[in-house]
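If you want my numbering, it's the 1-based position in the sequence shown plus 8. All residues carry an ideal CB built from backbone N, CA and C; glycine is no exception.
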Amino acid sequence: MEFRRVLFRSVDSGWDIWGRKYTLLGLIAAYDRTGDQATLDAAVRAADTLLAQFGPGKAHLPDYGYEQWKGLPSSSVLEPIALLYERTGEARLLDFAQYIVGAWDQPGVLAPQGMRLIQDALAGKKPTELVAAKAYEQMSCFEGLCELYRGTGNRQYLDAALALAEGVLKHEVTLIGPGSSGEQWFEGKLKQTEAMYKPMEVCVTATWMKLCYQLLRLTGEARWAEEIERNLYNAMTATQMPDGRWWAFFVGPNGERVPSVVHHDDVGLSCCIVSGPRGLMLTPKWAAGTSAEGLVVNLYAPGQASLPTPGGQTAHLQFDGNYPFAEQTTIRLSLARPEPFELALRIPAWSHTTRLTVNGAEQPTPRGDYARLQRLWQDGDQIVLTVDLTVRAQTAPVGNGQIALTRGPVVLTLDEQMMPAREGLATIKVADDGTVAARVDDRLARRWGKQVVVRVPSEAGDLVFCDFPSAGAGWSSESRYRSWLPQPLDLATVYDTGQTWQTLSHRQDARPEVPAARRGG
Numbered sequence: 009m010e011f012r013r014v015l016f017r018s019v020d021s022g023w024d025i026w027g028r029k030y031t032l033l034g035l036i037a038a039y040d041r042t043g044d045q046a047t048l049d050a051a052v053r054a055a056d057t058l059l060a061q062f063g064p065g066k067a068h069l070p071d072y073g074y075e076q077w078k079g080l081p082s083s084s085v086l087e088p089i090a091l092l093y094e095r096t097g098e099a100r101l102l103d104f105a106q107y108i109v110g111a112w113d114q115p116g117v118l119a120p121q122g123m124r125l126i127q128d129a130l131a132g133k134k135p136t137e138l139v140a141a142k143a144y145e146q147m148s149c150f151e152g153l154c155e156l157y158r159g160t161g162n163r164q165y166l167d168a169a170l171a172l173a174e175g176v177l178k179h180e181v182t183l184i185g186p187g188s189s190g191e192q193w194f195e196g197k198l199k200q201t202e203a204m205y206k207p208m209e210v211c212v213t214a215t216w217m218k219l220c221y222q223l224l225r226l227t228g229e230a231r232w233a234e235e236i237e238r239n240l241y242n243a244m245t246a247t248q249m250p251d252g253r254w255w256a257f258f259v260g261p262n263g264e265r266v267p268s269v270v271h272h273d274d275v276g277l278s279c280c281i282v283s284g285p286r287g288l289m290l291t292p293k294w295a296a297g298t299s300a301e302g303l304v305v306n307l308y309a310p311g312q313a314s315l316p317t318p319g320g321q322t323a324h325l326q327f328d329g330n331y332p333f334a335e336q337t338t339i340r341l342s343l344a345r346p347e348p349f350e351l352a353l354r355i356p357a358w359s360h361t362t363r364l365t366v367n368g369a370e371q372p373t374p375r376g377d378y379a380r381l382q383r384l385w386q387d388g389d390q391i392v393l394t395v396d397l398t399v400r401a402q403t404a405p406v407g408n409g410q411i412a413l414t415r416g417p418v419v420l421t422l423d424e425q426m427m428p429a430r431e432g433l434a435t436i437k438v439a440d441d442g443t444v445a446a447r448v449d450d451r452l453a454r455r456w457g458k459q460v461v462v463r464v465p466s467e468a469g470d471l472v473f474c475d476f477p478s479a480g481a482g483w484s485s486e487s488r489y490r491s492w493l494p495q496p497l498d499l500a501t502v503y504d505t506g507q508t509w510q511t512l513s514h515r516q517d518a519r520p521e522v523p524a525a526r527r528g529g
């Protein structure tokens with residue numbers, strides 16, 4: 009197939025190379041899953057079409073793509089090229105990956121001063137100050153740098169990715185996930201209490217989680233797992249419809265749930281409809297894994313994990329509990345024979361008081377780090393983790409007096425269907441240490457189908473909160489929610505935040521509806 013026709017459109021169109029990138033990623037994922045050499049060979053041939061067209065003495069790759077994004081979408085093809093090099097060792101693929109990075113420094117048609125992604129990230133520029141603020145595509149380029157670091161050991165590549173991520177944490181991360189407006193960075197951390205225009209695209213959330221996963225693997229720092237967890241239990245799961253069939257395109261801390269429009273009629277999808285599942289399906293990869301010393305556990309959700317030990321056997325871990333909605337999780341270890349190794353257990357930074365035992369014996373709990381338990385592990389060993397789920401108030405970064413409540417990693421939200429607007433002014437009493445008196449109402453949670461329901465007393469009666477993903481479950485303008493809360497809070501207008509469906513959709517003529525299910529042919 010001629011390279012210009014991979015996606016049946018001209019390479020000069022805005023998204024051709026971006027689409028070819030995902031063709032490559034799909035082939036690589038299929039190879040990793042099956043080990044089928046023919047699939048890997050097909051990926052290499054597809055990559056060779058890029059090498060035939062771009063490079064020294066050929067076309068300048070950053071010059072191709074949608075003009076406003078200054079070469080970011082096309083440049084993000086770096087990731088699959090680096091992945092292919094890791095799998096094949098083909099020198100020409102490494103050369104092409106390094107050509108792409110070098111091309112970022114060269115003046116071009118779309119970026120007359122050059123893209124300068126590495127230099128500007130290392131200089132501490134904000135994400136909004138890089139060559140273009142298109143959040144999804146910008147982070148995708150730095151995912152590619154992470155993979156190229158694996159293939160080369162060039163520390164500058166990892167340092168640049170870390171610098172970009174630090175900038176996102178400092179300037180863009182909101183209560184529920186990475187901020188964006190109209191799919192672009194916009195210093196969302198300071199603007200998250202406002203009604204935002206097309207906020208927090210699902211593609212941005214999924215890609216931020218994927219970049220954090222890269223950094224977790226490369227640095228071993230628990231904070232990146234904590235950030236993935238926070239996104240998973242707030243922005244990511246909130247954008248999936250209760251039946252799992254469809255997703256939102258945008259989501260904000262306040263507002264309502266609005267279904268994504270269909271952007272590609274030929275397949276009946278939008279980019280966010282496929283990015284959402286990628287964010288969810290990342291979970292098994294970071295939840296538990298291995299290190300040079302042994303096993304690592306990052307997530308305590310109910311389930312099972314089977315991991316290879318340094319001694320060559322398989323350790324089976326059974327997680328029982330309802331993390332992160334219940335305080336206690338029990339982990340049961342199954343081993344064919346005793347073996348000494350390290351089991352590293354993430355101690356969440358949000359848990360101010362944590363208890364950890366192994367067969368009843370107390371263990372250290374370094375908050376925001378790993379409890380590294382080096383011992384002779386045996387079949388039947390039992391680990392019990394108890395986390396602190398005290399409700400805490402988070403203060404708006406902009407300093408406008410608004411607060412939000414969290415319980416563990418989960419944001420608590422007022423839900424219009426469960427707690428309709430009513431007359432009265434309510435002030436939430438916050439203790440000096442940031443804690444808030446609250447009680448869990450399991451009966452109401454079961455009645456409304458919420459993961460957790462929490463009652464917070466006020467002078468206007470109890471304020472009834474639920475977990476953020478469960479809020480707005482009616483997916484309509486009569487099913488609004490609110491997370492950021494002025495103090496005092498006018499209960500009569502509590503859901504009038506200005507975050508209407510028009511600000512949460514590409515369509516303005518009519519509220520989007522979920523399309524009819526497509527039948528396979």
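For residue i, which residues in the same chain have their Cβ closer than 7 angstroms to its Cβ, ignoring the five residues on either side in sequence?
i: T213; result: G185, P186, N239, A243, M244, G287
i: P523; result: V270, G276
i: A230; result: R354, G376, D377, Y378
i: A119; result: P70, K78, G79, V139
i: G528; result: In this predicted model, G528 has a pLDDT of only 46, less than 50, meaning its place in the structure is not dependable; the value taken from the coordinates is given anyway. Closer than 7 angstroms at the Cβ level, and outside the excluded window around G528, lies no residue.
i: V446; result: Just to set this straight, residue 446 is Ala in the shown sequence, not Val. Excluding positions up to five away in sequence, the list reads V399, V462, R463, V464.
i: P372; result: A379
i: S466; result: A434, T435, I436
i: S148; result: S84, E87, T215
i: E235; result: C220
Flag residue i as yes when its Cβ comes closer than 6 angstroms to any non-hydrogen atom of the ligand FAD, and as no otherwise.
i: K206; result: Summarising the ligand content, the structure contains no ligands, and the ligand FAD is consequently not present.
Excluding the five sequence neighbours on either side, which residues of its own chain have a C-beta within less than 8 angstroms of the C-beta of residue i, listed in chain order?
i: F327; result: Y308, A309, P310, G311, Q312, A313, T337, T338, I339
i: Q425; result: W456, A481, G482, E486, S487
i: E94; result: E155, R158, G159
i: D128; result: E137, L138, V139
i: E209; result: A143, Y144, S188, E191, F257, F258, C280
i: Q459; result: F333, V418, A453, C474, D475, P477, S478
i: T443; result: T398, V399, R400, A401
i: D44; result: A38
i: I25; result: V19, L58, L69, Y72, G73, P81, S82, V85
i: A344; result: Q321, T322, D387
Using beta-carbon positions only, say whether residue i and residue j come within less than 7 angstroms of one another.
i: L364; j: A379; result: yes
i: N262; j: Q507; result: yes
i: L452; j: V461; result: yes
i: F476; j: A334; result: no
i: L35; j: A50; result: yes
i: P88; j: L33; result: yes
i: V395; j: S359; result: yes
i: L130; j: A169; result: no
i: V269; j: R515; result: yes
i: L223; j: W232; result: yes
i: W294; j: Y205; result: no
i: V438; j: R415; result: no
i: L92; j: L101; result: yes
i: Q390; j: E350; result: no
i: L422; j: R490; result: yes
i: W492; j: Q402; result: no
i: T298; j: L315; result: yes
i: S278; j: C211; result: no
Below 6 angstroms CB to CB, which residues in the same chain sit around residue i once its five sequence neighbours on both sides are set aside?
i: M9; result: Summary for M9: the model assigns pLDDT 35, below 50, so the residue's position carries little reliability, and this model does not support an answer.
i: R519; result: W509
i: G175; result: K134, P135
i: P348; result: L384
i: G122; result: D113, Q114, P115
i: S513; result: V266, P520
i: W254; result: P267, V522
i: P346; result: L384, Q386
i: I104; result: The identity of residue 104 in the sequence shown is Phe, whereas the question assumes Ile. Contacts found: L59, I89.
i: Q76; result: none
i: R17; result: Because the pLDDT at R17 is just 43, under 50, the model does not fix this residue reliably, and the point stays unresolved.
Assuming residue i and residue j are in contact, meaning their beta carbons sit under 8 angstroms apart, how far apart are those beta carbons, in whole angstroms?
i: A434; j: A404; result: No, A434 and A404 are not in contact; Cβ-Cβ is about 17 angstroms, not under 8 angstroms.
i: G22; j: Y74; result: 4 angstroms
i: T201; j: N330; result: Wrong, their Cβ atoms sit about 31 angstroms apart, outside the cutoff.
i: L499; j: A429; result: 6 angstroms
i: L219; j: A173; result: 6 angstroms
field: Validate contact between the segment 102 to 115 and the segment 80 to 93 using beta carbons, cut 8 angstroms, 3 pairs
entry: They touch, by the three-pair rule.
field: Ranges of the alpha helix (DSSP H) found wholly within the segment 221 to 265, counting only runs of at least 4
entry: Whole alpha helix (DSSP H) segments, 4+ residues: 230 to 239.
field: Minimum length 4: unbroken alpha helix (DSSP H) runs contained in the segment 87 to 175
entry: Segments of the alpha helix (DSSP H) lying fully in the segment 87 to 175: 99 to 111, 125 to 130, 143 to 160.
message: Just to confirm the assignment: which complete alpha helix (DSSP H) runs, minimum length 4, are found wholly within the segment 433 to 470?
response: Entirely contained in the segment 433 to 470, the alpha helix (DSSP H) runs reaching 4 residues are, in chain order, 450 to 456.
message: My parser needs the beta strand (DSSP E) runs of 3 or more residues fully inside the segment 318 to 368; what are they?
response: The segment 318 to 368 contains these whole beta strand (DSSP E) runs: 322 to 329, 336 to 342, 347 to 354, 363 to 366.
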